[in-house]
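**Student:**
Number of protein chains: 2
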Amino acid sequence: MNLNNETFFKMLSDNTRLRALMLMQRMGELCVCELTHALNLSQPKISRHLAQLREYEIVDTRRDGQWMYYQINSQLPAWALGVLQQTSSGIGETEQFFSDFSVLNDMIKQTKASCCS
Amino acid sequence: MNLNNETFFKMLSDNTRLRALMLMQRMGELCVCELTHALNLSQPKISRHLAQLREYEIVDTRRDGQWMYYQINSQLPAWALGVLQQTSSGIGETEQFFSDFSVLNDMIKQTKASCCS
DNA sequence: AACATATATATGGTTTAACGTATATTGTAA
DNA sequence: TTACAATATACGTTAAACCATATATATGTT
């Protein structure tokens, strides 16, 4: 794939996108409503940021019925995957991100199945 | 030190700053005129971007006479240094960056000493 | 002191990015 | 076909980033 460095870092430079990516990095694929809930942000806001990540092929998507699942694009160059990995292990335990994970995990436990109520 | 993730990636998301950082990553400390020459950009433009990098403590500086030397801040959190390292090894050989290194190396050879003519 | 070199900052204009709100699309189920 | 749930997009506004040009500061030299 063809990744532009500047674009790649621009995608990481917004906190909403970074939080979403960190969740995907750790949890694998996630649907929009899971992200919306975990990050506690409006659906259009999440959706617009995810559209950008998809446009630049940082993530790829899979539709399952009404749900659209997003995950980090495994075809990214190794160095870019490394950056995401390094970032995740470096900041995954900071308050902000730790809280995101908790909210998401609680949600998953409650609904038993994968997605929103 | 206290590094904000969003800010860190914002600093990497501009091509001028990224090119400068990649040069510092590989070459160690560099003065403004070396960067100006290697990147072939106007002095105020370089200077403004370096000021941002310094403001957010991505780089630190050392004055030597008229020259101001910039280098990557070794006090950055390990994950951030890792990101820079990973990025450097991942994109250092792409055309743009390779060319920057060549120009800088030619310059250093010519002037024998460290800095500008 | 006067001047030159290296670097930094200020100003004003232009472009890009983000946001909230409203609305459209797509799929499912009755 | 109507209704609903999940997701995507459009529109208008606000804020932030970047740039080129001009000017200021700091250091060194004569």
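Residue numbers (our numbering), protein chains in the order written: chain A, -19 to 97; chain B, -19 to 97. All residues carry an ideal CB built from backbone N, CA and C; glycine is no exception. What you are looking at is a predicted structure, and each value in this text was computed from that prediction instead of being measured.
1. Using a Cβ cut-off of 8 Å (strictly closer), state whether A:LEU(-2) contacts chain B.
2. Pull up the distance between the alpha-carbon of B:LEU21 and that of B:SER68, whole angstroms please.
3. Name the DSSP bridge partner or partners of B:GLN51?
4. Under 7 Å between beta-carbons, which chain A residues line up against B:VAL63? List them in chain order, please.
5. By Cβ distance below 8 Å, which residues in the same chain neighbour B:HIS29 in space, the five residues on each side in sequence not counted?
6. Taking Cβ positions, are B:GLY8 and B:GLN65 nearer each other than 8 Å?
7. Are the CB atoms of B:GLN55 and B:MET(-9) nearer to each other than 8 Å?
8. Suppose the cutoff is 8 Å on Cβ atoms and the five residues either side in sequence are ignored; what does the same chain contact list for B:SER79 look like?
9. Hey, would you say the C-beta of B:GLN23 is under 7 Å away from at least one heavy atom of the ligand COA?
10. Between the segment 32 to 64 of chain B and chain A, which residues of the former have a C-beta closer than 8 Å to a C-beta of the latter?
11. Using only CA atoms, which one of B:ALA60, B:MET2, B:ARG42 and B:THR41 lies nearest to B:GLY72?
12. Quick one: what does DSSP say B:LEU1 is sitting in, helix, strand or coil?
13. Among the residues of its own chain, which have a CB less than 7 Å from the CB of A:SER27, if the five just before and after it don't count?
14. Identify whether B:LEU(-8) lies in helix, strand or coil by the three-state DSSP scheme.
15. What does DSSP give as the partner residue(s) for A:CYS11 in the beta ladder?
16. Determine the direct distance from the alpha carbon of A:SER82 to that of A:LYS75, and round the result to whole angstroms.
17. So, B:ASP49 versus B:ARG42, is the Cβ gap smaller than 8 Å?
**Tutor:** From the atom records:
1. As a working note, residue -2 of chain A is residue 18 in the first sequence. Yes - at least one Cβ of chain B is within 8 Å of the one on A:LEU(-2).
2. Along the second sequence, read from residue 1 onward, the residue named residue 21 of chain B stands at position 41. Along the second sequence, read from residue 1 onward, the residue named residue 68 of chain B stands at position 88. Distance between B:LEU21 and B:SER68, taken at the CA atoms: about 21 Å.
3. One-based indexing of the second sequence puts residue 51 of chain B at position 71. BP columns for B:GLN51 point to B:ASP40.
4. By one-based count along the second sequence, residue 63 of chain B stands at place 83. Result: VAL63, GLN66 and THR67.
5. By one-based count along the second sequence, residue 29 of chain B stands at place 49. Within the same chain, B:HIS29 has close Cβ partners ASP(-6), THR(-4), ARG(-3) and ALA0.
6. Walking along the second sequence from the start, residue 8 of chain B turns up at place 28. Walking along the second sequence from the start, residue 65 of chain B turns up at place 85. No.
7. Counted from its first residue, the second sequence places residue 55 of chain B at position 75. Counted from its first residue, the second sequence places residue -9 of chain B at position 11. In terms of Cβ geometry, B:GLN55 and B:MET(-9) do not form a close pair [threshold 8 Å].
8. Indexing the second sequence from 1 puts residue 79 of chain B at position 99. Same-chain partners within the cutoff: there are none.
9. Because no ligand of any kind appears in the structure shown, any question about the ligand COA cannot be addressed here.
10. PRO57, ALA58, TRP59, ALA60, GLY62 and VAL63
11. Position 92 of the second sequence, counted from the first residue, corresponds to residue 72 of chain B. Nearest of B:ALA60, B:MET2, B:ARG42 and B:THR41 to B:GLY72, Cα basis: B:MET2.
12. Along the second sequence, one-based indexing puts residue 1 of chain B at 21. Note: B:LEU1 maps to helix in three-state DSSP.
13. As a working note, residue 27 of chain A is residue 47 in the first sequence. Excluding sequence neighbours, A:SER27 sits near VAL12.
14. Taking the first residue of the second sequence as 1, we reach residue -8 of chain B at position 12. Here B:LEU(-8) sits in helix by DSSP.
15. Mapped onto the first sequence, residue 11 of chain A falls at position 31. Answer is A:TYR49.
16. Counting from 1 along the first sequence, the entry for residue 75 of chain A is found at position 95. Counting from 1 along the first sequence, the entry for residue 82 of chain A is found at position 102. The sequence given here places Glu at residue 75 of chain A; Lys does not occur at that position. Whole-angstrom Cα-Cα distance: 11 Å.
17. Position 69 of the second sequence, counting from 1, holds the residue named residue 49 of chain B. Position 62 of the second sequence, counting from 1, holds the residue named residue 42 of chain B. Looking at the sequence itself, residue 49 of chain B is Tyr, so the reference to Asp does not match. Their beta carbons are under 8 Å apart, which means B:TYR49 touches B:ARG42 by this criterion.
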